[in-house]
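These notes are about the structure you will find just below.
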Amino acid sequence: MMKNKGLIASVVVIIAVVIGFFIYQTMNTPAKTAKKAEDKVQTVGILQFVSHPALDTITKGVKDALKEAGYKEGKNLKIVFQNGQADQSKLATMSQQLVDKKADVLVGVATPAAQSLANTTKDIPIVLGAVTDPVGAKLVASLDNPGGNVTGVSDQPPVASQIKLGKELLPDAKTVGMLYSSTEVNSKYQVNEASKTAESLGMAVKEYPVASTNEIAQTVQVMSQNVDFIYIPLDNTIANAMQAVVGEANKSKTPIITSVDTMVEQGGLATVGIDQYTLGKKTGQMVVQILKGADPSVTPVYTFKEGVTVLNEKQAEFLGIQIPDNLKKEAQIVGNK
Ligand code: TRP
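At position 318 of the sequence shown (counting the first as 1) the number is 320 in this note's numbering, and the numbers step up by one without a gap.
Structure below.
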């Protein structure tokens, strides 16, 4: 009898322990899952079209914005970065790789990269990093209502202000030469806008589209003989060859009005442009919004209202151009004397 009691007691204890264990486990499981979600590693795939100072700065801004929002690589964030080196087939392969890696958000830096990503997936959200004309590039239905898996930041610059600045610095200019790549949709749009302003200011416009990088130096040599200043839109092919452009233009002291601060720093004369780092930061902030669940189809494309006047004083001196005092006061001066 005593033996039996002991046995029953042992069985009761064992059953109690087993039940207790199950209750404990059930209670803890949801808590564990919640903790996991918090530390979940999210993947951001960045595809940059090519390396030039502007795009490199934008990519840096994207990464910094993620850091500032609390995303840490190796902890809750994985960044997969690819550089297409201006090669369409590389862009296509890399886009597919980023999709295969199951990125949570994709970032396309410059129009051709964004287009390649958009051609590869209609599901994964894509954030545009610095696409001049997202509607013209067929990436969104409209800026306010993108309508698909793509939204982001447009760097449409104040084109009219850029041409007006050229005329202010070069009051005697009669002809403007447009230097751009015939393969970039982003440039064509901007050249049309710039031409309208130039003509409204009484200047003639000559267009010099180049089909490939190899043609740039010779084209600049020819146009330097025929125009009073060169205008360059946000063109990646030209930006990538800016040193050669400046080298040729300097031979005949032909001034260059650019669309971006980085190209003024490389020897352009002036621009009214959008700060490239700010542009990248804004792009990164949109990536964060999407990572947190925002729906790209109803998230408007961000655009900048105004640019910053940037002047290269050393270049002005080399070209023998007097910078009006009012401009000198408001402008950001680069290229130390
Ligand atoms: N806006 C360009 C595009 O749509 C990309 C770009 C950003 C760029 N910054 C630039 C091109 C500076 C040339 C120079 O592709």
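Ideal Cβ placement from N, Cα and C applies to all residues, glycine included.
This structure is a prediction, so every number in the text was calculated from the model and none was measured.
Bounding residues of the beta strand (DSSP E) (the contiguous stretch that carries residue i)
{"i": "Gln158", "result": "No beta strand (DSSP E) holds Gln158; DSSP gives it neither H nor E."}
{"i": "Ala206", "result": "206 to 212"}
{"i": "Val310", "result": "310 to 314"}
{"i": "Thr256", "result": "It is not in any beta strand (DSSP E) - Thr256 carries neither H nor E in the DSSP assignment."}
{"i": "Gln44", "result": "44 to 50"}
{"i": "Asn85", "result": "79 to 85"}
{"i": "Lys131", "result": "Lys is not the amino acid found at residue 131; the sequence shown has Gly there. Run containing Gly131: 128 to 131, per the beta strand (DSSP E) assignment."}
{"i": "Val336", "result": "334 to 336"}
{"i": "Phe231", "result": "231 to 233"}
Close beta carbons around residue i, own chain, < 6 Å, minus the five adjacent residues each side
{"i": "Gln99", "result": "none"}
{"i": "Asp146", "result": "Pro302"}
{"i": "Lys42", "result": "none"}
{"i": "Ala88", "result": "Val52"}
{"i": "Leu329", "result": "none"}
{"i": "Lys34", "result": "Bear in mind that a pLDDT of 45 at Lys34, under 50, signals an unreliable position, so the number given afterwards is only what the model happens to contain. Excluding sequence neighbours, Lys34 sits near nothing in its chain."}
{"i": "Glu186", "result": "Asp237"}
{"i": "Phe83", "result": "Ile48"}
Distance cut-off 7 Å: residue i Cβ against heavy atoms of ligand 1
{"i": "Asn121", "result": "no"}
{"i": "Leu57", "result": "yes"}
{"i": "Ala67", "result": "no"}
{"i": "Leu145", "result": "no"}
{"i": "Ala246", "result": "no"}
Boundaries (first-last residue) of the alpha helix (DSSP H) holding residue i
{"i": "Thr177", "result": "Counting along the chain, Thr177 falls outside any alpha helix (DSSP H), though it belongs to the beta strand (DSSP E) covering 177 to 183."}
{"i": "Val101", "result": "90 to 102"}
{"i": "Lys253", "result": "244 to 253"}
{"i": "Gln117", "result": "113 to 122"}
{"i": "Thr273", "result": "Counting along the chain, Thr273 falls outside any alpha helix (DSSP H), though it belongs to the beta strand (DSSP E) covering 272 to 275."}
{"i": "Tyr191", "result": "187 to 202"}
{"i": "Tyr73", "result": "From DSSP, Tyr73 is part of no alpha helix (DSSP H); its letter is neither H nor E."}
{"i": "Gln287", "result": "278 to 293"}
{"i": "Val222", "result": "218 to 228"}
{"i": "Asp263", "result": "263 to 267"}
Cutoff 8 Å; reference residue i; Cβ partners in own chain excluding five residues on either side
{"i": "Leu93", "result": "Leu49, Phe51, Gly86, Pro114, Ala115, Ser118"}
{"i": "Leu68", "result": "Val46, Leu79, Ile81, Gly286, Val289, Val290"}
{"i": "Leu172", "result": "Asp230, Phe231, Pro257, Ile323"}
{"i": "Lys208", "result": "Thr177, Val178, Gly179, Met180, Met225, Asn228, Val229"}
Buried/exposed call for residue i, threshold 16 Cβ in 10 Å
{"i": "Lys1", "result": "Only positions 3 to 339 of the chain appear in this structure, which leaves residue 1 out of reach."}
{"i": "Thr153", "result": "buried"}
{"i": "Glu319", "result": "exposed"}
{"i": "Val142", "result": "buried"}
{"i": "Glu201", "result": "exposed"}
{"i": "Gln227", "result": "exposed"}
{"i": "Val160", "result": "Note that residue 160 is Pro in the sequence shown, not Val. Its Cβ being crowded by 16 or more others within 10 Å, Pro160 is buried."}
{"i": "Ile258", "result": "buried"}
{"i": "Gly270", "result": "buried"}
{"i": "Gln324", "result": "exposed"}
{"i": "Pro148", "result": "buried"}
{"i": "Pro326", "result": "exposed"}
{"i": "Glu308", "result": "exposed"}
{"i": "Gln334", "result": "exposed"}
{"i": "Val111", "result": "buried"}
{"i": "Asn247", "result": "Looking at the sequence provided, one finds Val at residue 247 rather than Asn. Looking at its Cβ environment, which holds 16 or more other Cβ atoms inside 10 Å, Val247 is buried."}
{"i": "Gln90", "result": "exposed"}
{"i": "Ala36", "result": "With a pLDDT of 45 at Ala36, under the threshold of 50, the modelled position of this residue cannot be trusted, and the question is left open."}
{"i": "Gln245", "result": "exposed"}
{"i": "Asn314", "result": "buried"}
{"i": "Asn194", "result": "exposed"}
{"i": "Glu250", "result": "buried"}
{"i": "Ala213", "result": "exposed"}
{"i": "Ser144", "result": "exposed"}
{"i": "Gly282", "result": "buried"}
{"i": "Ser12", "result": "exposed"}
Contacts around residue i, its chain only, beta-carbon distance under 7 Å, and the 5 residues preceding and following it disregarded
{"i": "Gly8", "result": "none"}
{"i": "Gln158", "result": "Thr134, Asp135, Thr305"}
{"i": "Val312", "result": "Asp263, Val266, Ala272, Thr273, Gly275, Ala333, Gln334, Val336"}
{"i": "Tyr191", "result": "Thr134, Asp135, Gly138"}
{"i": "Leu321", "result": "Lys255, Pro257, Leu271"}
{"i": "Gly243", "result": "Note that residue 243 is Ala in the sequence shown here, rather than Gly. Excluding sequence neighbours, Ala243 sits near Thr215, Ile218."}
{"i": "Tyr210", "result": "Gly179, Met180, Leu181, Thr221, Met225"}
{"i": "Ile292", "result": "Val107, Pro127, Val129, Pro298"}
Any non-hydrogen atom of ligand 2 closer than 7 Å to residue i Cβ
{"i": "Val248", "result": "Ligand 2 is not among the ligands present in this structure, which contains only ligand 1."}
Exercise for the section: Can you list the residues near ligand 1, meaning Cβ strictly closer than 5 Å to any non-hydrogen atom, in the order they appear in the chain? Expected result: Ala56, Ala112, Thr113, Ala132, Val133, Thr134, Asp157, Asn188, Leu236, Asn238, Ala241, Val262
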